[in-house]
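Participant:
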Amino acid sequence: MKIGQVAETTGTTTKTLRFYEAEGLLPPAGRTASGYRDYSEDIVGRIAFIHRGQAAGLTLAQIRQILKIRELGQTPCSHVRDLLGQRLTELDAQITELLALRETISQLSAQAAEPEPEACPADEVCRYL
Numbered sequence: 023m024k025i026g027q028v029a030e031t032t033g034t035t036t037k038t039l040r041f042y043e044a045e046g047l048l049p050p051a052g053r054t055a056s057g058y059r060d061y062s063e064d065i066v067g068r069i070a071f072i073h074r075g076q077a078a079g080l081t082l083a084q085i086r087q088i089l090k091i092r093e094l095g096q097t098p099c100s101h102v103r104d105l106l107g108q109r110l111t112e113l114d115a116q117i118t119e120l121l122a123l124r125e126t127i128s129q130l131s132a133q134a135a136e137p138e139p140e141a142c143p144a145d146e147v148c149r150y151l
């Protein structure tokens, strides 16, 4: 498959495919006689895996690491399970931070609901922040 066909099939761009190859996420593509990249059909599954990893919040470095484990002939499932557990812990912390931020903004918004420009001291930019 030429790079344009792969891009269209996987819903990505040729630029992204070149980036993935440069970053070691995709093996170097074969070349046609005229020098065009020529990918095998199994590249579609690999790109789908990369996209699923990104959708789960994994970094490209983590995805590359998983792919390397598989390339060494090992199953990366326990490694993936650990990464997903770490990601879940990170998400829980982010949710906690976001809820606290929401509460702060809610309180500030309630204070600003009834504007009193004359109550804003000249030495402050805005009393609501």
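If you use the numbering used here, the sequence shown closes out at 151, no skipped numbers anywhere. Glycine included, C-beta positions come from ideal geometry on N, C-alpha and C. Fair warning: this is a prediction, and the values are worked out from it, not measured in the lab.
1) Pick helix, strand or coil for Gly67, following the three-state DSSP scheme.
2) Can you tell me whether Arg59 is buried or exposed, with buried defined as 16 or more other CB within 10 angstroms of its CB?
3) In the DSSP assignment, the alpha helix (DSSP H) including Cys142 goes from what residue to what residue?
4) Tell me the DSSP secondary structure of Gly26 in three-state form.
5) When the Cα atoms are used, what is the spatial distance from Ala135 to Leu123?
6) Counting beta carbon pairs with one atom in the region 81 to 100 and one in the region 111 to 121, are three or more of them shorter than 8 Å?
7) Please classify Tyr42 as buried or exposed, where buried requires at least 16 neighbouring CB atoms within 10 angstroms.
8) Give, in chain order, every unbroken run of the alpha helix (DSSP H) that is at least 4 residues long and sits entirely within the region 48 to 118.
9) Going by DSSP in three states, Ala122 sits in which element: helix, strand or coil?
10) So Tyr42 is in the alpha helix (DSSP H); what residue range does that whole segment cover?
Facilitator: Reading from the atomic positions:
1) DSSP places Gly67 within a helical segment (H, G or I) once states are collapsed to three.
2) buried
3) Looking at the DSSP string, Cys142 is not in any alpha helix (DSSP H), and its letter there is neither H nor E.
4) Helix at Gly26.
5) 18 Å
6) no
7) Buried, by the Cβ-count rule.
8) 65 to 77 and 82 to 93
9) Here Ala122 sits in helix by DSSP.
10) Residues Thr36 to Ala44.
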